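Take a look at the structure below.
Right under this line is the structure:
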């Protein structure tokens with residue numbers, strides 16, 4: 048999948064160098080183009096080359112769901128390429144604000160290509176009700192993860208099995224929001240107040256679920272669709288979901 052971006056003459060004065068880093072590092076912000084991922088897994092190794100390409104390796108039990116031209120697969124290594132089409136170079140892949148993307152400096156037209164991808168813990172590749180420990184430790188779910196066919200199908204079945212509803216219409220007391228572990232990410236499921244799931248100790252009213260950006264460029268907003276609520280990081284590099 049390719050994405051072409053343009054930058055103004057003023058923005059082209061910004062400078063960024065390609066680098067080799069671990070997932071905990073990032074770079075200064077130039078004109079950004081073509082975000083390819085969500086937050087990288089712990090210990091992920093980033094290698095940026097002079098030819099405008101970057102590889103990202105998941106280590107340990109972590110893997111990536113990667114989408115190539117509409118087809119999803121599980122992978123341990125991802126490659127993203129940034130190509131300057133006009134403007135004299137300066138279109139480099141980097142990890143910034145919680146996403147792998149191309150950053151343009153002296154380039155005026157940049158093309159990003161490669162997989163869109165999202166990390167998950169390979170030992171936690173299922174959906175279950177979240178424990179109190181999960182609520183403290185798991186990263187929030189995101190749109191990209193929930194669009195993966197394997198995850199989407201598992202989530203649909205989990206909702207059917209647990210009597211989830213598509214929307215909390217009517218009185219607030221009629222519903223509860225139950226935290227769930229979605230492939231190692233935190234979200235919440237809407238269930239009727241008289242359901243078995245609503246009796247779980249972590250079941251809460253919607254007002255008890257909040258999203259907060261701890262660092263980065265903002266974002267981390269509460270999103271919901273078809274009975275599932277999560278915190279979408281956006282430009283936030285450290286987004287958290289709190290269930291009080």
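Residue numbers (this note's numbering): 48 to 291.
Cβ coordinates follow ideal geometry from the N, Cα and C atoms, glycine included.
Keep in mind the model is a prediction, meaning the values are calculated, not measured.
1) If we call anything under 8 angstroms between Cβ atoms a contact, is residue 162 one with residue 114?
2) Where residue 235 and residue 150 are concerned, what is the direct C-alpha to C-alpha distance, given to the nearest angstrom?
3) Can you look up residue 75 in the DSSP assignment and give me helix, strand or coil?
4) So, with DSSP's three-state summary, where would you put residue 247?
5) Would you check if the distance between the CB atom of residue 202 and the CB atom of residue 275 is smaller than 8 angstroms?
6) Please say whether residue 85 and residue 146 have beta carbons closer to each other than 8 angstroms?
7) Within 10 Å of its beta-carbon, does residue 188 have 16 or more other beta-carbons around it, so buried, or fewer, so exposed?
8) Have a look at residue 268 and residue 232 and give me their C-alpha separation to the nearest angstrom.
9) Quickly, what does DSSP pair residue 259 with across the bridge? List them, please.
10) With DSSP as the reference, label residue 196 as helix, strand or coil.
11) Which value, in whole angstroms, describes the spacing of the CA atoms of residue 142 and residue 222?
12) Let's see if you can read the secondary structure: which residues bound the beta strand (DSSP E) around residue 126?
13) Excluding sequence positions up to five away, which residues of its chain have a Cβ less than 8 angstroms from the Cβ of residue 69?
14) Checking 8 angstroms against the spacing of the C-beta atoms, do residue 255 and residue 291 come in under that value?
15) Given this structure, state the Cα-to-Cα distance separating residue 184 from residue 133, to the nearest angstrom.
16) DSSP state of residue 160, grouped into three classes?
17) Determine the closest residue to residue 154 out of 99, 282, 289, 193, with distance taken between C-alpha atoms.
Well, looking at it:
1) Yes, the Cβ-Cβ distance between residue 162 and residue 114 is below 8 angstroms.
2) C-alpha separation (whole angstroms): 34 angstroms.
3) In this prediction, residue 75 scores a pLDDT of 40, lower than 50, which makes its location untrustworthy; the coordinate-derived value is nonetheless stated afterwards. The answer is coil: DSSP assigns residue 75 none of H, G, I, E or B.
4) coil
5) Closer than 8 angstroms, so yes.
6) A distance below 8 angstroms separates the beta carbons of residue 146 and residue 85.
7) buried
8) Here the C-alpha atom of residue 268 lies approximately 15 angstroms from the C-alpha atom of residue 232.
9) 287
10) Under the three-state reduction of DSSP, residue 196 is assigned to helix.
11) Approximately 39 angstroms between the Cα atoms of the pair.
12) 124-133
13) Its pLDDT being 34, under 50, residue 69 is placed unreliably in this model, and the coordinates cannot settle the point.
14) Between residue 255 and residue 291, the gap from beta carbon to beta carbon is short of 8 angstroms.
15) Going by the C-alpha atoms only, they are around 44 angstroms apart.
16) strand
17) Among 99, 282, 289, 193, the Cα nearest to that of residue 154 belongs to 99.
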